[in-house]
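Here the protein sequences line up with chains A and B, keeping their order.
Counting from -18, one number per residue, gives the positions in the first sequence under the working numbering.
Counting from 891, one number per residue, gives the positions in the second sequence under the working numbering.
Read the structure below first, then the notes.
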Amino acid sequence: MDVNHPHRPPAARDRAEDAARIDIVGLTKRYLTPKGETFTAIQDVTLKIEPGQFCAIVGPTGCGKSTTLAQVSGLEKPSAGTVSVRDQIVNGITKGVSYMFQADALFPWKTVLSNVAIGPALLGTPKREATLLAMDWLRRVGLAGFEDRYPHQLSGGMRKRVAMAAALINNPKILLMDEPFGALDVQTKAIMQNELLQLWEELRPSVLFITHDLDEAVALADRVVIMTSSPGTIKDVFDIDLPRPRGDVQQIRHEERFLELQGQIWDSLKDEVTRAYAKTAGAAA
Amino acid sequence: MVEQPSDIQAVGRRKARQRMTATWAGRIILAVIVIGGWQWFTAAGWVDKFFFGQPTEIWNSLVHLFTEGTAFGTIWENLWITVQEALLGFLLGTFAGIVLGILLGSNKYLSAVVGPYIRIVNSIPRIVLGSIFIVAFGLGTFPKVLLAAVLVFFVVFFNAFQGVREVDQNLIANVRVLGASPLQVAAHVTIPSAMTWIIASLHTAFGFAIIGALVAEVLGAQHGIGLIISQAQGTFDPNTVFACMVIIAVVTLGAEYLITLLERSLLKWRPPSRSEAQAI
């Protein structure tokens, strides 16, 4: 079967150099509200992601985590500061990026196979090759035999797998994940986290992973970044020195070092969450 | 006693059959009450059949139209002309509506500039445009096609516009990050997504096309069902007017059926609606 996979990721040793370094310097993003006021979503965010690093961003709701990702992908332009990928300042869509959202951004009118094959198809890969590649990726995420189904015929976890295959099929150098497993039930979430880690260890893209779930961040990431709420700034950065490969995320949660790190990060995050909550509670009163 | 699977199956089938029978019985009773009542009231003289027609007379008119024809040629010739006008108008209006709807829906600046004017044009009674078209373009088929197209355009346009606006922004972000050009975004995301809305509008749109063609024919024509209607009105013959309504209704139902077929094949990816399954 292997001859059919021209886009197969290169061998492991090449990957570290292949992956992209992300440099975010003094990034600020302001939005214009319909009333003509300016709203600062993130302010002066400076962050460095090493090639192939798994970086999780944790913070209260509305702290500009998604805004940060949009600047890295090049979908939006920063109001001030720069994002550089591989020492090149982002201007327009960044090459070699894939996105994964909380709501599975699958095309409801395309079959599972076409949903996965769209990535290479947009890059101009011939249809036959794109199809074979998509078949291979569906097999890798355990969905062989579901090629002809439509997304509405799949369960939430299966849709997530399709989204994951669609995000990884182009062998991205940067994977941007915006609370990808936020809407899943606990068991499915754990399974998907394990599968993500496995695939990431094979391909080693640089990952920016947004989550509300502190356990998820610690279990998956090399580095956890805490953001404060409006305007979003970086409060703390924690390096997670749990050994790789991590293995089962359910198991790692009980390790002493995990609990220690989780405790430290929670101390930092707690104030922010309380403050953000007080703000929304105050607004409601 | 344990219920066998086959028993449950049989019960289910019987219930479904009963429900079907009850529905059809209701439908037939309703038709008998309405048409029979009409016949009875006019026969008894409580309602004047000279003004309101009578079902049996309408039937006679129908037979007459199909056997004797009209002063303007056979009914088939006239029907074909009207259907042709409606069909051309439908195609023209649908095409223009889809193109402009998608264009304005995906361009914020353009829609902000043109939007108020479209609303103004939409608020004027467009049927009156028929008079202008006939004055400008004469009694041929073109003004009829144009009026039908104008009526169809707005229905399709607003749906296409809304459909584009409702596109999942995540999907657009997703394909843009994957390197899609604006044209590819339209082909892969915007148009298929708006298609649900556009097709829903086609059902109403064909009705409007027929109305446009008929009204324009009533305003002035040399052939067509609308002309037969206006002629019948002039000779105080409500039965022929009703007969023409019946013919047009049959045509519209046929078109509706074809549009439903198109809808099924284009939107086969949609989940079946839940209301189709009923509790036993």
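Glycine is no exception: its CB is placed at the ideal position from the N, C-alpha and C atoms.
- Task: Determine whether the Cβ of Pro107 (chain A) lies closer than 8 Å to any Cβ atom of chain B.
- Result: Here the question's residue 107 (chain A) lines up with position 126 in the first sequence. Answer no: the Cβ-Cβ gap between Pro107 (chain A) and chain B never drops below 8 Å.
- Message: My output table needs one value for Cys36 (chain A): the three-state DSSP class, helix, strand or coil.
- Response: Residue 36 (chain A) sits at position 55 when you count from the first residue of the first sequence. Three-state result, Cys36 (chain A): strand.
- Does DSSP classify Val206 (chain A) as helix, strand or coil? Within the first sequence, numbered from 1, the residue matching residue 206 (chain A) stands at position 225. Note: Val206 (chain A) maps to strand in three-state DSSP.
- State the Cα-Cα distance for the pair Leu114 (chain A) and Ala98 (chain A), rounded to the nearest angstrom. Walking along the first sequence from the start, residue 114 (chain A) turns up at place 133. Walking along the first sequence from the start, residue 98 (chain A) turns up at place 117. Between Leu114 (chain A) and Ala98 (chain A), the C-alpha separation is close to 7 Å.
- Query: Just by C-beta distance, which residues in the stretch 79 to 95 of chain A are closer than 7 Å to chain B?
  - Reply: Ser79, Tyr80, Phe82, Ala84, Ala86, Phe88, Pro89 and Trp90
- Ile215 (chain A) - partner residues in DSSP beta bridges: Stepping through the first sequence from its first residue, residue 215 (chain A) is reached at position 234. DSSP, once it has assigned bridges, lists A:Met208 as partnering Ile215 (chain A).
- Query: Mind checking whether the beta-carbon of Val1141 (chain B) lies closer than 7 Å to any heavy atom of the ligand ZN?
  - Reply: Only the bare structure without any ligand can be found here, which leaves the ligand ZN out of the picture.
- Would you mind reading off the limits of the beta strand (DSSP E) that contains Phe190 (chain A)? By 1-based counting over the first sequence, the position of residue 190 (chain A) is 209. Ser187 to Thr192 is the span of the beta strand (DSSP E), which, as asked, contains Phe190 (chain A).
- What is the DSSP secondary structure of Ala1169 (chain B), reduced to helix, strand or coil? Locating residue 1169 (chain B) in the second sequence gives position 279, counting from the first residue. Reliability fails at Ala1169 (chain B), whose pLDDT of 45 lies under 50, so the model's placement of it is uncertain and no value is given.
- Nearest CA to the CA of Asp280 (chain A): which residue from A:Arg256, A:Leu240, A:Val71 and A:Gly73? As shown, chain A starts at -18 and ends at 266. That puts residue 280 (chain A) outside it, with no answer to give.
- Message: Pairs of beta-carbons, one from the stretch 1112 to 1125 of chain B and one from the stretch 932 to 942 of chain B, closer than 8 Å: are there three or more?
- Response: no
- Task: Name the two residues that bound the continuous alpha helix (DSSP H) containing Gln168 (chain A).
- Result: Translated into the one-based positions of the first sequence, residue 168 (chain A) becomes position 187. Val167 to Leu184 is the extent of the alpha helix (DSSP H) around Gln168 (chain A).
- Task: Would you verify that the beta carbon of Leu1092 (chain B) is, or is not, closer than 8 Å to some beta carbon of chain A?
- Result: Numbered from 1 along the second sequence, position 202 holds the residue referred to as residue 1092 (chain B). Not an interface residue.
- Task: Taking all protein chains shown into account, decide if Trp914 (chain B) is buried (16 or more other Cβ within 10 angstroms of its Cβ) or exposed.
- Result: Stepping through the second sequence from its first residue, residue 914 (chain B) is reached at position 24. With fewer than 16 Cβ atoms within 10 Å of its Cβ, Trp914 (chain B) is classed as exposed.
- Does Leu1152 (chain B) have its Cβ less than 8 Å from a Cβ in chain A? Along the second sequence, read from residue 1 onward, the residue named residue 1152 (chain B) stands at position 262. Leu1152 (chain B) does not count as touching chain A.
- Message: Assuming Ala111 (chain A) and Ala125 (chain A) are in contact, meaning their beta carbons sit under 8 Å apart, how far apart are those beta carbons, in whole angstroms?
- Response: For this step, residue 111 (chain A) is matched to residue 130 along the first sequence. For this step, residue 125 (chain A) is matched to residue 144 along the first sequence. No, Ala111 (chain A) and Ala125 (chain A) are not in contact; Cβ-Cβ is about 17 Å, not under 8 Å.
- Nearest-angstrom Cα separation, counted from Asp117 (chain A) out to Asp(-17) (chain A): Position 2 of the first sequence, counting from 1, holds the residue named residue -17 (chain A). Position 136 of the first sequence, counting from 1, holds the residue named residue 117 (chain A). The predicted position of Asp(-17) (chain A) is uncertain, since its pLDDT is 42 and thus under 50; a value taken from the coordinates is nonetheless stated next. Approximately 9 Å, taken between the alpha carbons.
- Query: Which of helix, strand or coil does DSSP assign to Thr14 (chain A)?
  - Reply: Walking along the first sequence from the start, residue 14 (chain A) turns up at place 33. Here Thr14 (chain A) sits in coil by DSSP.
- Query: the stretch 1059 to 1084 of chain B: which residues have C-beta closer than 8 Å to a C-beta of chain A, in chain order?
  - Reply: Asn1060, Leu1061, Ala1063, Asn1064, Val1065, Arg1066, Val1067, Leu1068, Gly1069, Ala1070, Gln1074, His1078, Val1079, Pro1082 and Ser1083
- Message: Please list, in chain order, the residues of the stretch 99 to 132 of chain A that have any C-beta partner in chain C closer than 7 Å.
- Response: The structure shown contains no chain C; its protein chains are A and B.
- Message: Looking at the secondary structure, which residues open and close the beta strand (DSSP E) in which Ile80 (chain A) lies?
- Response: Your numbering for residue 80 (chain A) matches position 99 in the first sequence. For the sequence presented, residue 80 (chain A) should be read as Tyr rather than Ile. Element bounds for Tyr80 (chain A): Val78 to Met81.
- For Leu56 (chain A), decide whether its Cβ has a neighbour in chain B, counting only Cβ atoms nearer than 8 Å. On the first sequence, position 75 is the one that residue 56 (chain A) refers to. Interface residue, yes.
- Message: Report the CB separation of Leu977 (chain B) from Val1136 (chain B) in whole angstroms; it is logged as a contact under 8 Å.
- Response: Position 87 of the second sequence, counted from the start, is the residue given in the question as residue 977 (chain B). Position 246 of the second sequence, counted from the start, is the residue given in the question as residue 1136 (chain B). That pair is no contact at about 20 Å.
- Message: If distances are taken between C-alpha atoms only, which option among B:Thr1150, B:Val973 and B:Gln899 comes closest to His1172 (chain B)?
- Response: It is not possible to answer for residue 1172 (chain B), since the shown part of chain B is limited to 891 through 1170.
- Residue environment, Asn1012 (chain B), which counts as buried when at least 16 other CB atoms sit within 10 Å: The residue given as residue 1012 (chain B) occupies position 122 in the second sequence. Looking at its Cβ environment, which holds fewer than 16 other Cβ atoms inside 10 Å, Asn1012 (chain B) is exposed.
- Query: Shortest alpha-carbon distance to Ala1 (chain A) belongs to which of A:Ala37, A:Pro41, A:Gly45 and A:Ser65?
  - Reply: In the first sequence, residue 1 (chain A) corresponds to position 20, counting from 1. If we check each option's Cα against that of Ala1 (chain A), A:Ser65 comes out closest.
- Query: When you check each C-beta in the stretch 918 to 951 of chain B against every C-beta of chain A, which residues fall closer than 7 Å?
  - Reply: none
- Message: Given a cut-off of 8 Å on the beta-carbon distance, is the pair Arg280 (chain A) and Asp194 (chain A) in contact?
- Response: The structure shown does not extend to residue 280 (chain A), since chain A spans only -18 to 266, so no value can be given for it.
- Report the option in A:Pro224, A:Pro132, A:Asn96 and A:Met145 whose CA atom is closest to the CA atom of Trp181 (chain A). Position 200 of the first sequence, counted from the first residue, corresponds to residue 181 (chain A). The shortest Cα separation from Trp181 (chain A) among A:Pro224, A:Pro132, A:Asn96 and A:Met145 belongs to A:Met145.
- Taking C-beta pairs closer than 7 Å, name the residues in chain A that Trp1159 (chain B) reaches, listed in chain order. Taking the second sequence and counting its residues from 1, one reaches residue 1159 (chain B) at position 269. By Cβ distance, chain A contributes Pro89, Trp90 and Tyr131.
- Query: Per DSSP, Val6 (chain A) is paired with what?
  - Reply: Residue mapping note: residue 6 (chain A) aligns to position 25 of the first sequence, counting from 1. Answer is A:Thr63, bridged to Val6 (chain A).
- Task: Quick one: grab the DSSP three-state call for Thr964 (chain B).
- Result: Taking the first residue of the second sequence as 1, we reach residue 964 (chain B) at position 74. If DSSP states are grouped into helix, strand and coil, Thr964 (chain B) belongs with coil.
- Query: Grouping DSSP H, G and I as helix and E and B as strand, with all else coil, what is Leu124 (chain A)?
  - Reply: Along the first sequence, one-based indexing puts residue 124 (chain A) at 143. Coil at Leu124 (chain A), not helix or strand.
- Query: Buried or exposed: which applies to Leu50 (chain A), given that a residue is buried once 16 or more other Cβ atoms fall within 10 Å of its Cβ?
  - Reply: For the purposes of this step, residue 50 (chain A) is taken as residue 69 along the first sequence, with counting starting at 1. By the 10 Å Cβ count, Leu50 (chain A) comes out buried.
- Query: If we call anything under 8 Å between Cβ atoms a contact, is Val122 (chain A) one with Glu160 (chain A)?
  - Reply: Position 141 of the first sequence, counted from the start, is the residue given in the question as residue 122 (chain A). Position 179 of the first sequence, counted from the start, is the residue given in the question as residue 160 (chain A). Not in contact: Val122 (chain A) and Glu160 (chain A) (Cβ atoms no closer than 8 Å).
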